Amino acid sequence: MKKTIRDFDLNNKKVIIRVDFNVPVKDNKILDDNRIVMSLKTINYALDKGAKVILMSHLGRIKEEKDKEKNSLEIVAKRLSELLNREVKFINNTRGKELEQAINNLNFGEVLLMQNTRFEDLDGKKESSNDLELGKYWSSLGDIFINDAFGTSHRSHASNVGIASNLESGIGFLIEEEIEKLKLATDNPEKPFAVILGGAKVSDKIGVIKNLVDICDYILIGGGMVYTFLKSIGYNIGNSLLDSDSLEFCKEMLAKYNDKIILPVDSIVSKEFDKDITLKNNDCFDDDDIGLDIGQKSIEIFKNKLKDCNTVIWNGPLGYSEIEKYSNGTKEILKYLSDKDKIVIIGGGDTASAAINFGYKGAFTHISTGGGASLELLEGKKLPGIEIIDEK
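What follows is the structure in structure tokens.
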């Protein structure tokens, strides 16, 4: 069992907390602060225990110099100050004397946020490749390291694995909750157990299907994945998304688990994304049709399969849900599950965004903050950002 923040005496200690402040920003406004809010419990705990708190996070991808302007964490520092109701000192550097002096001058019970860790990626991807020198340098800034960034725990970066390799370490409350809740669905789940998988590519979900197909009672397939499965058994899918490399896998899975893998029977289709939509059965596609959401008959089939299930885990929207006219399948199943007394785990990424944006933020057992990380846990993989943490 991994050490948690509760296992340390934080009083008069410099505590580095790796958080996940990778929030959507547009026109210098934060569109969704859920990840910031989810970090507050760990930050407040450390502050209340008398620690100097040094926060680290990434924001976006940094491939060239101009990416730095739109991915500065300064806007996050301002929002965090409001949420904590205290000043958050923002340091516009990832290393150097200004950062070091600011940490030294910080009082115990105060908090500092340094600039985007991925600014270090401009010089040889030092953050993303877990540069040993950078991890060692960052670890020198503190006494204890707490990883509370579940969304990056499936990556071996300098700001998680690198620091934890050099400092005594534990996990924060957010990661602790993520692990506990996801285990409800992977370690002896309460049956019947259904898995809902959507999103674009089958290849992204092969590991999950292989890991869970013998444990669960149903796998309900939605999103762009549907059309690779349908193509594998001879349907004309028109111009719908096709993951050609996964056709043989889909065909084999359907042959072996025909009673478990549930495909939609109809779709919302269009000739182009912004054109008129039509409801069509699987066997009625024209060569230029694009399937963009599951249809009403499919929604009812899904509800019927989910009706008696006690555990449901969902990763990937059922349609192109960012666009209103292709969001009905996702909305209907969210609403249906929100009304039921079940263990419902919503995977991170687009599924979590859909659940929150459509008004179901507190409606389920758990909404994960990490899409890729939750997916890899469901595949049965170990997450390097958590594996490196000290054992109790």
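In the working numbering, the protein residues as written are 164 to 555. Note that the Cβ used here is the ideal one computed from N, Cα and C, for glycine as well. Just so we're clear, the structure is a prediction, and the values are computed from it rather than from any experiment.
In this structure Val216 does not touch Ser202 by the C-beta definition: roughly 11 Å separates them, more than the 8 Å allowed. Assignment of Leu455 by DSSP, reduced to helix, strand and coil, places it in the strand class. Asp422 is not a Cβ neighbour of Lys460, given a cutoff of 7 Å. Measuring C-alpha to C-alpha distances from Ala517 to each of Ile462, Glu340, Glu495 identifies Glu495 as the nearest. Around the C-beta of Ile486, fewer than 16 other C-beta atoms lie within 10 Å, and the residue is accordingly described as exposed. Taking 4 residues as the shortest admissible run, the region 436-480 contains the following complete alpha helix (DSSP H) segments, listed from N- to C-terminal end: 459-469.
Distances from the alpha-carbon of Lys176 to those of Thr280, Glu273, Ile307, Asn267 put Ile307 closest.
Counting only the Cα atoms, Ile225 lies some 35 Å from Val358. Its Cα nearest to that of Leu455, the residue Gly482 stands out among Gly482, Lys468, Ile476. Going by DSSP, Glu331 is part of no alpha helix (DSSP H) but of the beta strand (DSSP E) stretching over 331-334. By the beta-carbon neighbour count (other beta carbons within 10 angstroms, threshold 16), Asn310 is buried. Selection Ala526, Asp406, Asp380, Ile326 evaluated against Phe392 yields Asp406 as nearest (Cα-Cα). In chain order, Arg258 place their CB closer than 8 Å to the CB of Tyr300, counting only its own chain and leaving out the 5 sequence neighbours on each side. Listed as beta-bridge partners of Asp367 by DSSP are no residues whatsoever. For the beta strand (DSSP E) assignment, the uninterrupted runs of no fewer than 3 residues enclosed by the region 168-197 are, from N- to C-terminal side, 177-181. Rounded to whole angstroms, the Cβ separation of Ser322 and Glu290 is 6 Å, and the two are in contact under 8 Å. Here DSSP, grouped into helix, strand and coil, assigns Ser537 to helix. Non-local beta-carbon contacts of Ser403 in its own chain, meaning distances under 6 Å to residues more than five positions away in sequence, involve Tyr390, Ile453, Gly454 in chain order. In chain order, Gly361, Gly362, Ala363, Gly479, Pro480, Leu481, Gly482 place their CB closer than 7 Å to the CB of Gly386, counting only its own chain and leaving out the 5 sequence neighbours on each side. Between Ile326 and Gly298, the C-beta spacing is below 7 Å. In the three-state reduction of the DSSP assignment, Glu273 falls in the coil class. Between Ser409 and the set Tyr420, Asn399, Ser395, Lys166, the nearest pair of CA atoms involves Ser395.
Between the region 343-357 and the region 222-236, the count of Cβ pairs shorter than 8 Å is below three; the stretches do not touch. Close CB contacts of His317 within its chain, under the 6 Å cut and outside five residues either way in sequence, are with Gly535, Ala536, Glu539, Leu546 (chain order). Straight-line measurement puts the Cα of Leu285 at about 10 Å from the Cα of Asp230.
Taken through DSSP and simplified to helix, strand or coil, Ser407 comes out as helix. Bridge pairing for Phe253: Leu276 [DSSP]. With a beta-carbon spacing of about 14 Å, Gly335 and Ile199 fall beyond the 8 Å limit used to define contacts. Put simply, of Ala240, Glu554, Ser292, Asp450 the residue whose alpha carbon is nearest the alpha carbon of Val186 is Ala240. Distances from the CA of Phe313 to each of Ile549, Lys555, Asp553 were compared; the closest alpha carbon is that of Ile549.
Taking the Cα positions, Gly213 is about 15 Å away from Arg249. Listed as beta-bridge partners of Ala357 by DSSP are Tyr381, Val475. Non-local C-beta neighbours of Phe527 in its own chain, meaning closer than 8 Å and more than five positions away in sequence, comprise Leu500, Ser501, Val507, Ile508, Ile509, Ala518, ordered along the chain. For the pair Ser332 and Asp553, the CB atoms are nearer than the 7 Å cut-off.
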